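J.: Can you read through this structure? Questions will come right after.
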Amino acid sequence: MAMKIDTNLCTSCGDCEPECPTDSIKTRKGITKIDAESCTECVGEYTKPKCVELCPIKGCIVQA
Ligand code: SF4
Ligand code: SF4
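Residue numbers (the working numbering): 6 to 69.
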């Protein structure tokens, strides 16, 4: 259970990164990715995935 970022839509703006409770979002070489091993979909932290709420691009972050 994890979220993933559509790299065709993501602008690597960084808005989602600092708010991830599991520190699962990282940008390397200009590409922002979610670590599927550590992403919990924010269960136990928020009622909805925080990154989806923060991302300005609709449909950019979806269930993996
Ligand atoms: S769903 Fe939550 S835990 Fe997973 S990457 Fe987004 S903010 Fe982090
Ligand atoms: S907030 Fe959205 S567009 Fe910005 S880095 Fe995160 S996934 Fe990419």
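Backbone N, C-alpha and C fix where the C-beta goes; we use that ideal spot for every residue, glycine too.
Bear in mind that the values here come from a model prediction, so they are computed numbers and not experimental data.
Would DSSP call lysine 63 helix, strand or coil?
T.: Lysine 63: coil per DSSP, three-state reduction.
J.: If we count the other Cβ atoms within 10 Å of its Cβ and call it buried at 16 or more, is methionine 6 buried or exposed?
T.: Classification for methionine 6: exposed.
J.: For glycine 19 and glycine 49, I'd like the C-alpha separation in whole angstroms.
T.: Cα to Cα, the separation comes out at about 23 Å.
J.: Tell me whether aspartate 20, by its Cβ, gets closer than 8 Å to a heavy atom of ligand 2.
T.: Aspartate 20: yes, Cβ under 8 Å from ligand 2.
J.: Output the residues surrounding ligand 1, defined as those with a CB atom closer than 6 Å to any ligand heavy atom, in chain order.
T.: Per the Cβ criterion, the list is Met8, Cys25, Pro26, Thr27, Ser29, Ile30, Ile39, Cys44, Thr45, Glu46, Cys47, Pro54, Lys55 and Cys56.
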